[in-house]
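Asker: Let me begin by handing over the structure; questions about it come next.
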Amino acid sequence: MTQGHDHEAGAQKEPGSAAQMWDEKYSSRTKMWSGQPNPQLVAEAAQLPPGEALDLGCGEGADAIWLAARGWAVTALDVSAVALERAAAHAAEQGQATTIEWVQQDLATWVPDRQFDLVTAQFLHSTLMPWQQALQLAAAAVRTGGTLLIVGHHPEGLPPWGAHHNHEKFFTAEDLARELRIEEPVWRLEVLDSRHRSVTGPDGEEASITDAVLRAARLATRGPGGHGAGPGNH
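In our numbering, the protein residues as written are 2 to 235.
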């Protein structure tokens, strides 16, 4: 399967929780994803000067490892302990064990305690919390001068496999910009796009899907009247 997976924003590891569900999924096979970084991350972050990056829903770590190899100091979060253990092993194999901090965290309760030069959330689609909630956290974690990069499944271009039935769990780039209030004077919108690409499914089937892509630069912590996406502002 191509990298471009759905990550739960999660709950604690209890029966029926996202943590348990994803741990079981990862444990059911030795490799869940392709091991390659998500293509929109490569397209949008390759030219950014390295700094501190936050990867939300890092899975088996391909995006975090790609960033670390390009000089980024990466904090990588996921709800699955199994995924994080696997990601750390992959990072060690590629000589990036000391440049990535792996953190098991539930985005339903997590609040960023610091900010980053790049915050990336690739296909962070939860069945347990509104996408707006998780991605507002992503926006809140971007420091002034930093970059927010969000990529998700466009509701009109979903993969034909998997449980992609509830279109309310997905978003367009325009939905992102509106709901996260990506606008001046707090943000400069740099990319707002729907991108089609061909992918290979888990059973080798070919399909065309659409990615919703938003990239924005933070210009200020808050806008007039205290509005903005700073920590604690939502």
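Built from N, CA and C at the ideal position, the CB exists for glycine as well.
Predicted model, so just to flag it, every value in this text is computed and none were measured.
(1) Do G153 and F124 have their CB atoms nearer than 8 Å?
(2) Is the stretch 58-66 touching the stretch 86-96 in the sense that three or more CB pairs, one from each, lie closer than 8 Å?
(3) Does the structure place the stretch 196-209 close enough to the stretch 128-146 that three or more beta carbon pairs sit under 8 Å?
(4) Should W240 go down as buried or exposed, given a rule of 16 or more other Cβ atoms within 10 Å for buried?
(5) What number of angstroms, rounded off, separates the C-alpha of L181 from the C-alpha of A174?
(6) Starting from E191, follow its DSSP beta bridges and name the residues at the other end.
(7) Do I151 and L1 come within 8 Å of each other at the CB atom, strictly closer than that value?
(8) Smallest Cα separation from E157: which of L220, A70, I210, V75?
(9) When every heavy atom of the ligand PLP is checked, does at least one fall within less than 7 Å of the C-beta of E175?
(10) Are at least three pairs of beta-carbons, each pair with one atom in the stretch 42-59 and one in the stretch 71-78, less than 8 Å apart?
(11) For a quick check, are the C-beta atoms of W111 and A77 less than 8 Å apart?
(12) For my contact list, D212 and Q37 are in at a C-beta cut-off of 8 Å; report their separation, rounded to the angstrom.
(13) Count the other CB atoms within 10 Å of the CB of A84; is the residue buried (16 or more) or exposed (fewer)?
Answerer: Checking against the coordinates, here is how it stands:
(1) For the purposes of this step, residue 153 is identified with residue 152 of the sequence shown, where counting begins at 1. For the purposes of this step, residue 124 is identified with residue 123 of the sequence shown, where counting begins at 1. Yes, the Cβ-Cβ distance between G153 and F124 is below 8 Å.
(2) Inter-segment contact for the stretch 86-96 and the stretch 58-66 is present: three or more beta-carbon pairs are separated by less than 8 Å.
(3) The stretch 128-146 vs the stretch 196-209: no contact.
(4) It is not possible to answer for residue 240, since the shown part of the chain is limited to 2 through 235.
(5) Here residue 181 corresponds to residue number 180 of the sequence shown, with the count starting at 1. Here residue 174 corresponds to residue number 173 of the sequence shown, with the count starting at 1. Cα to Cα, L181 sits roughly 11 Å from A174.
(6) As a position in the sequence shown, residue 191 is number 190, starting the count at 1. Per DSSP, none; premise fails for E191.
(7) What the structure shows of the chain is the stretch from 2 to 235, and residue 1 is not part of that stretch, so it cannot be assessed.
(8) Position 156 of the sequence shown, counted from the start, is the residue given in the question as residue 157. Nearest option by C-alpha distance: I210.
(9) For the ligand PLP, the structure offers nothing, since it holds no ligand at all.
(10) Yes, since at least three Cβ pairs between the stretch 42-59 and the stretch 71-78 fall closer than 8 Å, the two stretches touch.
(11) Position 110 of the sequence shown holds residue 111. Position 76 of the sequence shown holds residue 77. No; because the gap between Cβ atoms is not below 8 Å, this pair is not in contact.
(12) In the sequence shown, the residue the question calls residue 212 occupies position 211. In the sequence shown, the residue the question calls residue 37 occupies position 36. That belief does not hold up - the Cβ atoms of D212 and Q37 are roughly 15 Å apart, past 8 Å.
(13) Position 83 of the sequence shown holds residue 84. It is buried - the Cβ of A84 has at least 16 other Cβ atoms within 10 Å.
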